[in-house]
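Numbering (the numbering used here), first residue to last: 110 to 249.
Here a beta-carbon is modelled for each residue, glycine too, at the ideal position from N, C-alpha and C.
Predicted model only: the values in this text are computed from it and were never measured.
Scroll down for the structure; my scribbles are underneath it.
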Amino acid sequence: MKRNVIGALMTLIVAFTIAVPVVNAQSTILTANVPFAFTIGDKQLPAGPYAVREMGRATLVQSKDAVYSVVGIYNYAGPLKGDETKLVFDKVGDHYFLAQIWTSARDQGLAVPESKLEKEFRASNSGPQGGVETVIVALR
């Protein structure tokens, strides 16, 4: 019995030792109020306030109330030109897809890969009335 209690305590100590640096490693690199529903990968997110946080190599996009979140590892999109922190969306038809994250906190941009859903929308909206529009949500 005593051995089980000591084993459980050691497990908790190890778990907390690992978890604390991960929680502290999250740093907010930008916040934005996105005025429209949008998609990242296969997740649909509603309009509203969002925070973008670094989690080591991964990036977390999370609603202010923490109900909606997407974690991804995004590609380097190039160095930041100027001091403009922004989210870049591709509007295909009436759907918005997060395409890039630019932040002065990192002095670089991140490119969000095109999802299967976005490819399908691009294919179905490639006619004379269709196409892709770039929409920027700039931050102050």
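Counting along the chain, residue 228 sits inside the alpha helix (DSSP H) bounded by residues 225-233.
Considering only 193, 187 and 205, the residue with the shortest C-alpha distance to residue 150 is 205.
Between residue 160 and residue 153, the C-beta spacing is not below 9 angstroms.
Within the same chain, 201 and 202 come within 6 angstroms of residue 234 by CB-CB distance, once the 5 residues on both sides are set aside. For residue 231 and residue 219, the gap between their C-alpha atoms comes out near 21 angstroms.
Contact check between the segment 181-197 and the segment 160-170: three or more CB pairs, one atom from each, fall below 8 angstroms, which counts as touching.
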